[in-house]
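Residue numbers (the numbering used here): 56 to 249. No residue lacks a Cβ here, since even glycine has one placed at the ideal position from N, Cα and C. Down below is the structure, laid out as structure tokens.
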Amino acid sequence: MIKQVTIVGTGLIGGSLGLCLRHKGIRVIGSDKQRVLAKAEQMGAIDAGIENPARACVGSDVVILAANVGGIIDSIENLGPTLPRSVLLTDVGSTKIEIVKRARSVFGTSANSRFLGGHPMSGKEHSGIENADRALFSGSTWIFTVDGENVGDLAHEYITLIASLNAHIIHLSAEQHDRLVAWTSHLPQMLSTA
56 MIKQVTIVGT GLIGGSLGLC LRHKGIRVIG SDKQRVLAKA EQMGAIDAGI
106 ENPARACVGS DVVILAANVG GIIDSIENLG PTLPRSVLLT DVGSTKIEIV
156 KRARSVFGTS ANSRFLGGHP MSGKEHSGIE NADRALFSGS TWIFTVDGEN
206 VGDLAHEYIT LIASLNAHII HLSAEQHDRL VAWTSHLPQM LSTA
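As structure tokens, this is what we get:
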């Protein structure tokens, strides 16, 4: 049972997720710059804030990487080897191929049970913790990049938890995800020039 999560990056997406998870009774530890953590704690998005990501992960069942894609890749490399095998590492990055590739290189044959790629297809015009919103994911699509059949019980529990936020869950490969996101992000420009 998921009792505690760590969110590395408590901006708009990480902060909104923290608000949602705390509302579900889950203890949330945030990791970010001190000023961001202070605001996240003040808003009720986290129970506690710890700047050092490795220290922030201690005792958590799930670690959510909510930074930019480069930061997520670096965090997989730096945090992945330090996490107990029982901890699920997931992310909210907007592209998946390179993220999943890094997770495979760090976790090897146990990547399917230790890492779950995720991408909430939601956001706002303005970023930052001050714009975090508990309703951000309600009615939105959340894509999970499940790689193979050996997905662990904790990953299934996490997917169920995200679905309980009223998010619509879709499972795609990393390649399918990136093609879909590239297509949808370029569609408005293509339509405007048609």
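Asked                                                                                                                                                                      : Found
For residue 54, collect the residues of the same chain with a Cβ closer than 6 Å to its Cβ; drop the 5 residues on either side in sequence, then sort them by chain order. : This structure gives no information on residue 54, because the portion of the chain shown stretches from 56 to 249.
Rounding to the nearest angstrom, what Cα-Cα distance links residue 181 and residue 84 in this structure?                                                                  : 23 Å
With a CB to CB cut of under 7 Å and the five nearest residues on each side skipped, what residues in its chain are close to residue 114?                                  : 59
Hey, is the stretch 170-188 in contact with the stretch 208-222, meaning 3+ C-beta pairs nearer than 8 Å?                                                                  : yes
Under 7 Å Cβ to Cβ from residue 108, same chain only, skipping five residues before and after it: list those, please.                                                      : 63, 86, 130 and 134
DSSP beta-bridge partners for residue 175?                                                                                                                                 : 197
Whole angstroms are fine: how far does the CA of residue 191 sit from the CA of residue 68?                                                                                : 8 Å
Does DSSP put residue 130 in a helix, in a strand, or in coil?                                                                                                             : helix
Ends of the beta strand (DSSP E) at residue 55?                                                                                                                            : With the chain covering 56 to 249 only, the question about residue 55 has no answer from this structure.
Starting from the Cα of residue 272, find the closest Cα among 90, 136 and 177 and give me that residue.                                                                   : This structure cannot speak to residue 272, because the chain is shown only from 56 to 249.
Could you check which residue in 223, 70 and 214 has the C-alpha nearest to that of residue 193?                                                                           : 223
Measure the beta-carbon distance from residue 220 to residue 112 and round it to whole angstroms, keeping in mind my assumption that it falls under 8 Å.                   : The pair is not a contact, with the Cβ atoms about 22 Å apart (cut-off 8 Å).
Since I believe residue 57 is in contact with residue 81 (beta carbons under 8 Å), could you give me their beta-carbon distance rounded to a whole number of angstroms?    : 6 Å
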